[in-house]
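*Asks:*
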Amino acid sequence: MLWRFSFATTSSLDNLLSRETPPTLEEVMDEQDVLAECKAQNNKLVAYLSKEQSIKSLLQWVVAGLDELDQQASEADLAALDHILEQPELYPSYKLGPSVPGPGPGSPPLEPAKQVAQVAEQEPAGDATAEEVEKGDEEVAEGEKLEDVFPDVGLGEGLEAPQPVDEEPQRSRYPLVATEILTSELWTIPESILQHKDELLRPFWDAVLPPIQSDVSGDSYSANANADADADVAEQKERERERDRARDEFWSDEDEERDRKREIIRGMWVKVNGALITKRTTEMIRFIQSLPDIVERMLARISSPAVQDMLIRIVSAEEAGVPGVIEWLASEGLIPRLLALLTPYKPVSTHVIAAELLKSIITLCAPSPFNPHGGNAMEQQGQLPPGTRDNRLVRELVSERSISTLIGFMLDPIELNDDGTDPFAMQPLPSVSSATSSLTHICSILTELIRRNNSDFSEPHLFHTLRNRLMSIRMQRPSQPQSEEDDEEDRKRMEEAMTEMSEKMGIVHLGTLLTCISARFDQLHRFLLEPRSQARAASVANSKPLTMERFRIVELYAELLHSSNMSILNRMPKSGPEYTADGILSGGLSGLEALGEAIDGDRVGEDATPEEQVTQARELPVSSGSTDASFTGSEDVASEDEKMLEDIDEESTPSASPAASGTLEPPPPSQADVARLRDVMEADVRSATSDVASASHAAAAADTTAAPSVASDLDFEPPVGQLPPQDESLAPGDLLKQMYIQHRVLPTVVELFFEYPTNDFMHHVVYDMLQQVLNGRLGPGLNRELVIELIREAKLIERVLDAQRLNDEM
């Protein structure tokens, strides 16, 4: 700013702010260099903009015109619905008459730039009738001069008249300038806004997210009133669905432009709030929590990308250091409200939004990667600043209530209102399109849920985090001997710390998911064999396409197979550590000891070298002051830590089982188990072909195989479950594999693999399933039966040989 040194003229903005009559905010925003002066921290300008009245005007300019646009949109929707109800022959759309352009049979094609709303007759403007307008057009067409038709208007007189000033561009500039000022680096503006948040921020939020009106009357507690209320709610939902359908049917360029303007205003609104959240995170989140029914109000406008962005910002505030956000969202019912949007009674666009939000929440709430080499020891000990991820929303997503809701949306029988053959018709909901969309998006959500939550990593992470935290509490006491009362006090403090940390670090247990899907697996598999959307997606070139419906189901099958191999899902009921319905480790210190024993027991028999394994749970060194502790730490430190942990539970917990000791020696198999296994192997050999039998003997004789043989598994674990046991005795993982065997899932996906040779996406998913089966351990559970089915029923070897033969002939 050279004018401060008398090298340039004085700024016009300084002159405006220094005049005797205070300028209006619009006059200040009219200045071209107002944003540059904000960046330069002009003292006069900062003092002027920091006033409460100036900030209030800025916030009003940001959302100016939104209420009017919302009112116009609502009126347009009601007008479209009334137009439909008055003309029942136009509704539904596939029954449109031949005189009305549309997608229905017998209708003429819809011209590119022609809107359906223009089909209705338009009355001429002014007082002129249609005949007069038509007569005037004919007179002009006959070649008469314009001045003869309109004698009061001269040809050149209109050019000399003063043109009206177009104020629209100037007015459209004010919201943009106001947004830039509010998001600039002026620390006084956020401070003033938060000091007067009820007067400034609350109307700012109410303009975009209006409060929800409650229609509950005083006598609504009676039975008749409740029945009437339910009927009214059902009628209102039906009317809303018909209104949305009518809006989509008669969507015009005017509606498109109105919606574009609304989204621009909401985008500026979220930009201002995002800047405030970045600068004053805790204060803004606490203000948002104080707004009544704010989650419900946001979900009512969830179709707006700006509202979606704001919701994700609120969810991620927990990781930014604001405690209690996830717990508050859970208490507000965020997950059940989002799941309700996936019903087949909602349109496809709503399914897309809800699925993306749920997958974003799964990603944001996923636990941080566990480093077995001690790189995140500070986090494991709870010594990092607040910012750890709370997975309560994800645990609520895998609860029995949520999973039952999702499975119901996918598989419950509903009466569809169309046959799905016309992809351009606006069908009443639920339709084939909405039902298929609901299934595909729920499958994608469940797939993402399994991918982000592997209990084989979550349990060791939970164990070491709790264990190191308890060690740090234990080492805080004085080194001199203490009495029994002091020991009891230490134990009480550790139990309290254990309970507090367990509530925030629950396990995402997928057992309920596998159990619910296994119970209705036949219905899900029917959609793979007979997809509902195939006729809708068929064409002349491809009469039987794969469809997104079948691809998502196969993708879900692959991830379910992944989860069925997790250790926690292959433990028998009442074995291992106990978890509550919310996935929280129960039992206190005894539960932590049981978790350590279960982790050690799950690793029995693994043939990988120690360098390739994750460090065993009870041998991880405690890193209290460094974040780069080595995997091969001092044995003295490890033994001292183990001794401390044993001292904690020496009175209340039983002695460690042999599976938790340093040298794991499982008991030898009984003669009955060996005889049973021999009978099964002999029966398989007799029933298999000679080629398969020779291949099996060769694989059994080889020492270097990709997966351990059944005989090698006998060295470390009794062959439990070689014969399919009863359903009630199966673990969730084996129960799902039993469904795979009963419904011939592997032969089906192999058939799809070769039926669609150009679909690389589906090939990748099928390959993932096959490599899981072939590379898995054969000993426990039903893995061996899956391998036999893949080779015998799916004829994998024959298909590979045929493919090679065809490749040689090409």
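Here my numbering = 1-based position in the sequence shown + 1465. Glycine included, each C-beta is placed from N, C-alpha and C at the ideal position. Since this is a predicted model, take the numbers as computed values, not measurements.
#1: By the 10 Å Cβ neighbour count, where 16 or more other Cβ atoms means buried, how is A2063 classified, buried or exposed?
#2: Give the range of the alpha helix (DSSP H) segment to which K1509 is assigned.
#3: How would you label R2249, buried or exposed, when you count the other beta carbons within 10 angstroms and need 16 or more for buried?
#4: In whole angstroms, what is the alpha-carbon distance linking M1749 and S2028?
#5: Start and end of the alpha helix (DSSP H) containing D1542?
#6: Are L1741 and Y1810 close, meaning C-beta to C-beta below 7 Å?
#7: Mark I1520 as exposed unless 16 or more other C-beta atoms lie within 10 angstroms of its C-beta, in which case mark it buried.
#8: To the nearest angstrom, how far is it from the Cα of D1955 to the Cα of G1971?
#9: Looking at I1872: is its Cβ nearer than 7 Å to the Cβ of C1981?
#10: Under a Cβ-count criterion, where at least 16 other Cβ atoms within 10 Å of its own Cβ denotes burial, should W1734 be classed as buried or exposed?
#11: So, helix, strand or coil for L1881, using DSSP?
#12: So Y2022 is in the alpha helix (DSSP H); what residue range does that whole segment cover?
#13: Under three-state DSSP, which class holds L2050?
#14: Taking the alpha helix (DSSP H) that I1753 belongs to, which residues open and close that run?
#15: Answer with buried or exposed for Y2232, where buried requires no fewer than 16 other C-beta atoms within 10 angstroms of its C-beta.
#16: Assign Y2044 to one of three DSSP states: helix, strand, or coil.
#17: Is it the case that the CB of A1711 approaches a heavy atom of the ligand NAD more closely than 6 Å?
#18: Are the segment 1755 to 1771 and the segment 1809 to 1823 in contact at 8 Å, needing three or more beta carbon pairs?
#19: Going by C-alpha distance, which of I1549, L2217, P1640 and V2005 is nearest D1495?
#20: Let me know if K2202 comes out buried or exposed under the rule of 16 or more other beta-carbons within 10 Å of its beta-carbon.
#21: Just confirm the distance between the C-beta atoms of S1825 and I1777, as a whole number of angstroms; I'd bet it's less than 8 Å.
#22: L1510 and L1502 - do their beta-carbons sit closer together than 7 Å?
#23: Helix, strand or coil for V1863, going by three-state DSSP, please let me know.
#24: Tell me the DSSP secondary structure of I2064 in three-state form.
#25: Should L1478 and P1488 be called a contact, given that it needs their Cβ atoms to be closer than 7 Å?
#26: Please classify R2015 as buried or exposed, where buried requires at least 16 other C-beta atoms within 10 Å of its C-beta.
#27: Grouping DSSP H, G and I as helix and E and B as strand, with all else coil, what is N2248?
#28: Determine the extent of the alpha helix (DSSP H) in which G1976 is found, giving its start and end residues.
#29: Is it true that the CB of H1974 sits closer than 7 Å to the CB of G2048?
#30: Under a three-way DSSP split, which group does I1677 fall into?
#31: With respect to the alpha helix (DSSP H) encompassing G1786, which residues constitute its N-terminal and C-terminal limits?
#32: If the criterion is Cβ atoms closer than 7 Å, does the pair L1803 and L1829 meet it?
#33: Is the segment 1777 to 1791 touching the segment 1869 to 1883, taking contact as three or more C-beta pairs under 8 Å?
#34: On the three-state DSSP scale, how would you describe S1477?
#35: Leaving aside the five residues before and after K1726 along the sequence, list all residues of the same chain whose C-beta is less than 7 Å from its C-beta, in chain order.
*Replies:* In short, the structure shows the following:
#1: buried
#2: N1508 to L1514
#3: buried
#4: 39 Å
#5: L1531 to E1551
#6: no
#7: buried
#8: 24 Å
#9: yes
#10: buried
#11: coil
#12: T2012 to S2029
#13: strand
#14: T1746 to S1755
#15: exposed
#16: strand
#17: Of ligands this structure carries none, so the ligand NAD is not represented either.
#18: yes
#19: P1640
#20: buried
#21: 6 Å
#22: Before going on, a small fix: residue 1502 reads as Glu here, not Leu. For E1502 and L1510, yes; Cβs fall inside 7 Å.
#23: coil
#24: helix
#25: no
#26: buried
#27: helix
#28: G1976 to A1984
#29: yes
#30: coil
#31: It is not in any alpha helix (DSSP H) - G1786 carries neither H nor E in the DSSP assignment.
#32: no
#33: no
#34: helix
#35: L1534
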